[in-house]
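Below: the structure, in structure tokens.
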Amino acid sequence: MDFNLSEEQKLIAQSVREIVKDFPPEYWREMDQEHKFPEEFKKAVAKEGYMGMVIPEEYGGEGLGMLEMCITTDALAAGGAGISGIWTIGPTQIFGAVPISKHGNEAQKEKYLPKMAKGELEFCMGLTEPDAGSNTINTSTMAVRDGDEYVINGKKIFITNADRADGMLLITRTTPLDKAPRKIMGITLFLVDLPDPTVEVVPIEKHGLHCVNSCEIFIDNLRVPEENVLGEVDMGLFPLFDVLNPERVGTSAGVIGCGSLALEKAVEYAKEREVFGMPISRHQAIQFPLATAKAKLETAKLMVYKAALLMDKDEECMAETCMAKLMAVEAGEYAVYHAMQTFGGYGYAVEYDVERWWREMNLWRLAPVTQEMTLAMLGQNVMGMGRSY
Ligand SMILES: Cc1cc2nc3c(=O)[nH]c(=O)nc-3n(C[C@H](O)[C@H](O)[C@H](O)COP(=O)(O)OP(=O)(O)OC[C@H]3O[C@@H](n4cnc5c(N)ncnc54)[C@H](O)[C@@H]3O)c2cc1C
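Residues -14 to 374 (my numbering) are what the sequence shown spells out, left to right.
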């Protein structure tokens, strides 16, 4: 067992941090306050090749794996960008590059991957529906065959980046649930080009992460050629797992990065801030939670990297992915919570950034999969304690 990163992996982390250095806290504050997408940051990241990390070299990418993707998202967030920064690469890499590289046909790869690698084409994923969040089987957006096209109707919700994206991985039903031979069949994935007049995209006002919109989508008779099906008709749930697992692990790395960023700033502050004639860092009520946060973050990171490594080896990783997601979110939240406490009243002031990281952190208990569903998957599928769904 080797816990060391390779020289190339260390270099990735280092060069990502170099890029982030040029984007000070004021930049991220402005993106959040003014609801602006970090366009300049995305350009800088794309210029250095990070938009093509998981894209095979023959399509203009770097041909790297999920471990390198996690190292990158961790370094982006920890280097100063917080979770806001990971939205610049995350949706396109995970919802576009990963499934198309793995399950796309030659024409799909040629159409999408080279542009994604250059940062010229963004993606989003339309999975969640008003009545199908944790329960994907309940998807009701229908794709009905009409000659060599499909006609799609339905509603999606919380689709991040849909208002900017040039393409969407759209999860539909091609066979209604009550007619599917097995519950896990009848779902089909489509690659949909955006914008389209039959696809209305409406941003939702939300609690944090204001630099990117999460949107409602109303699909009204969208016509998609059959060559846009990704993978096999009716069997879409299987390639979908190859998106959901990387999404859970990739975002977990960003969560750890954001927790580490908050922790670093809290430690700096605690060493400088004097109350009752001494730095507050000496008080165990401040020091011990921050030390515990360090231990939790480093432990969670090991599980995130293990899950990513298994993924890269194409080995079973459901249990590790669940545990990585669960522990990363607990560690990240713990770190930001105690960072905020360390800052005292200043933690509540926008100028100190920690309140923004807190708002960013609050998402990950709920998405991309809730903590409860992660526990249910572990309890039911790994530990055999019976099903709740
Ligand atoms: C900001 C944001 C961005 C998002 N981006 C995207 C995106 O880009 N694309 C996309 O497709 N989706 C996206 N989502 C959706 C997200 O993945 C879902 O919100 C999430 O999966 C939970 O679904 P739900 O909100 O419908 O909750 P529900 O499924 O309604 O669950 C409600 C509560 O019940 C609990 N619960 C339900 N069933 C069980 C059970 N069997 N056992 C224990 N507890 C249970 C859940 O854990 C949760 O606490 C995003 C969401 C947000 C908030």
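The beta-carbon is built from N, C-alpha and C at its ideal position, and this holds for glycine as well.
* Classification of residue 226 by the beta-carbon crowding that lies within 10 angstroms, buried from 16 upward -> Residue 226 sits at position 241 when you count from the first residue of the sequence shown. Residue 226 should be labelled exposed.
* Distance CB(residue 13)-CB(residue 197) smaller than 7 Å -> Residue 13 sits at position 28 when you count from the first residue of the sequence shown. Residue 197 sits at position 212 when you count from the first residue of the sequence shown. No, these two residues do not count as a Cβ contact at 7 Å.
* Asked: Under 6 Å from any heavy atom of ligand 1, does the C-beta of residue 118 make it?
  -> For the purposes of this step, residue 118 is identified with residue 133 of the sequence shown, where counting begins at 1. Answer for residue 118: yes, Cβ within range of ligand 1.
* **N-terminal and C-terminal residue of the alpha helix (DSSP H) that residue 290 is part of** => Taking the sequence shown and counting its residues from 1, the one referred to as residue 290 is at position 305. Counted as a single uninterrupted DSSP element, the alpha helix (DSSP H) harbouring residue 290 occupies residues 269 to 297.
* Given a threshold of 16 other Cβ atoms within 10 Å of its Cβ, counted over all protein chains shown, does residue 157 qualify as buried or as exposed? -> Position 172 of the sequence shown, counting from 1, holds the residue named residue 157. Buried, by the Cβ-count rule.
* To do: Assign residue 341 to buried or exposed, taking buried as 16 or more other Cβ atoms, counted over all protein chains shown, within 10 Å of its Cβ.
  => Translated into positions along the sequence shown, residue 341 becomes position 356. Taking every protein chain shown into account, the CB of residue 341 has 16 or more other CB atoms within 10 angstroms, so this residue is buried.
* Can you tell which of 221, 315 and 263 has its C-alpha closest to the C-alpha of residue 277? -> Within the sequence shown, numbered from 1, the residue matching residue 277 stands at position 292. The option with the nearest alpha carbon to residue 277 is 315.
* Asked: Pick from 96, 100 and 319: whose alpha carbon is nearest that of residue 34?
  -> On the sequence shown, residue 34 is found 49 positions in, with the first residue counted as 1. Minimum Cα distance to residue 34 is reached at 100.
* **Beta-carbon proximity list for residue 167, same chain, < 6 Å, skipping 5 on both sides** => As a first step, residue 167 must be located in the sequence shown, where it is residue number 182. Excluding residues within five positions, none has a Cβ falling inside 6 Å.
* **Candidates 55, 331 and 243, of which the one nearest residue 347 by Cα** => As a position in the sequence shown, residue 347 is number 362, starting the count at 1. Of the candidates 55, 331 and 243, the one whose C-alpha sits nearest the C-alpha of residue 347 is 243.
* **residue 44 beta carbon less than 7 Å from that of residue 98** => Translated into the one-based positions of the sequence shown, residue 98 becomes position 113. Translated into the one-based positions of the sequence shown, residue 44 becomes position 59. Cβ atoms of residue 98 and residue 44: closer than 7 Å.
* To do: Identify, in the order they occur along the chain, each residue of the same chain with its Cβ nearer than 6 Å to the Cβ of residue 245, setting aside the five sequence neighbours on each side.
  => For this step, residue 245 is matched to residue 260 along the sequence shown. 63 and 282, listed in sequence order.
* Asked: What whole-angstrom Cβ distance do residue 67 and residue 336 have, given they're in contact under 8 Å?
  -> Residue numbering aside, residue 67 sits at position 82 when the sequence shown is read from its first letter. Residue numbering aside, residue 336 sits at position 351 when the sequence shown is read from its first letter. Not quite, the Cβ-Cβ distance comes to about 15 Å (not below 8 Å), so this is no contact.
* Asked: Is residue 203 near ligand 1, with its Cβ less than 6 Å from a heavy atom?
  -> Taking the first residue of the sequence shown as 1, we reach residue 203 at position 218. Checking the Cβ of residue 203 against ligand 1 gives no.
* To do: May I ask you to check if the CB of residue 110 is nearer than 6 Å to at least one heavy atom of ligand 1?
  => Start at 1 with the first residue of the sequence shown, and residue 110 comes out as number 125. For ligand 1, a non-hydrogen atom lies closer than 6 Å to the CB of residue 110.
* **residue 330 burial status per 10 Å Cβ neighbour count (16 or more: buried)** => Walking along the sequence shown from the start, residue 330 turns up at place 345. It is exposed - the Cβ of residue 330 has fewer than 16 other Cβ atoms within 10 Å.
* Asked: At a cut-off of 6 Å, is residue 357 close to ligand 1 when judged by its beta-carbon and the heavy atoms of the ligand?
  -> Position 372 of the sequence shown, counted from the start, is the residue given in the question as residue 357. With a cutoff of 6 Å, residue 357 counts as near ligand 1, since its C-beta is closer than that to a heavy atom of the ligand.
* To do: Check each candidate in 320, 223, 350 and 257 and name the one with the smallest Cα separation from residue 88.
  => Translated into the one-based positions of the sequence shown, residue 88 becomes position 103. Comparing Cα positions, the closest option is 223.
* Contact between the region 51 to 59 and the region 71 to 85: three or more CB pairs below 8 Å? -> The region 51 to 59, when compared against the region 71 to 85, does touch it at the 8 Å Cβ threshold.
* Asked: Cβ atoms of residue 228 and residue 293: under 7 Å apart, would you say?
  -> Within the sequence shown, numbered from 1, the residue matching residue 293 stands at position 308. Within the sequence shown, numbered from 1, the residue matching residue 228 stands at position 243. The Cβ atoms of residue 293 and residue 228 lie no closer than 7 Å to each other.
* **residue 175, buried or exposed, once every other Cβ within 10 Å from all chains shown has been counted against 16** => Counted from its first residue, the sequence shown places residue 175 at position 190. Label assigned to residue 175: buried.
* CB of residue 77 within 7 Å of CB of residue 108, strictly -> On the sequence shown, position 92 is the one that residue 77 refers to. On the sequence shown, position 123 is the one that residue 108 refers to. The answer is yes: Cβ separation under 7 Å.
* To do: Leaving aside the five residues before and after residue 187 along the sequence, list all residues of the same chain whose C-beta is less than 7 Å from its C-beta, in chain order.
  => Here the question's residue 187 lines up with position 202 in the sequence shown. For residue 187, where only same-chain residues beyond five positions count, the Cβ hits under 7 Å are 200 and 201.
* Asked: What number of angstroms, rounded off, separates the C-alpha of residue 215 from the C-alpha of residue 37?
  -> In the sequence shown, the residue the question calls residue 215 occupies position 230. In the sequence shown, the residue the question calls residue 37 occupies position 52. Looking at the two C-alpha atoms, the distance is approximately 20 Å.
* To do: Could you tell me the boundaries of the beta strand (DSSP E) in which residue 172 lies?
  => Taking the first residue of the sequence shown as 1, we reach residue 172 at position 187. If you look at residue 172, you'll find it in the beta strand (DSSP E) that goes 172 to 178.
* **Top-ranked residue by Cα proximity to residue 129, from 160, 103 and 105** => Translated into the one-based positions of the sequence shown, residue 129 becomes position 144. The shortest Cα separation from residue 129 among 160, 103 and 105 belongs to 160.
* To do: Tell me whether the beta-carbon of residue 247 lies closer than 7 Å to the beta-carbon of residue 339.
  => The residue labelled residue 247 in the question sits at position 262 within the sequence shown. The residue labelled residue 339 in the question sits at position 354 within the sequence shown. Closer than 7 Å, so yes.
* Asked: Quick one: what does DSSP say residue 136 is sitting in, helix, strand or coil?
  -> By 1-based counting over the sequence shown, the position of residue 136 is 151. Residue 136: strand per DSSP, three-state reduction.
* To do: Throw me the rounded Cβ distance for the residue 288 and residue 308 pair, which I believe falls under 8 Å.
  => By 1-based counting over the sequence shown, the position of residue 288 is 303. By 1-based counting over the sequence shown, the position of residue 308 is 323. That pair is a contact at about 5 Å.
* **Span of the alpha helix (DSSP H), counted from its first residue to its last, around residue 225** => In the sequence shown, counting from the first residue as 1, residue 225 sits at position 240. Secondary structure note for residue 225: its alpha helix (DSSP H) is the uninterrupted segment 222 to 257.
* Just to confirm, does residue 353 get its C-beta within under 6 Å of one of the non-hydrogen atoms of ligand 1? -> As a first step, residue 353 is located in the sequence shown; it is residue number 368 there, counting from the start. The answer is yes for residue 353.
* Please report the residue range of the beta strand (DSSP E) in which residue 370 lies. => In the sequence shown, the residue the question calls residue 370 occupies position 385. From DSSP, residue 370 is part of no beta strand (DSSP E); its letter is neither H nor E.
* Do you know how far the Cα of residue 321 is from the Cα of residue 349? -> Here residue 349 refers to the residue found at position 364 when the sequence shown is read from its first residue. Here residue 321 refers to the residue found at position 336 when the sequence shown is read from its first residue. Cα atoms of residue 349 and residue 321: separation of roughly 13 Å, rounded to the nearest angstrom.
* residue 410 versus residue 177 - alpha carbon distance -> Summary: the structure shown does not reach residue 410, with the chain confined to residues -14 through 374, and so no result is reported for it.
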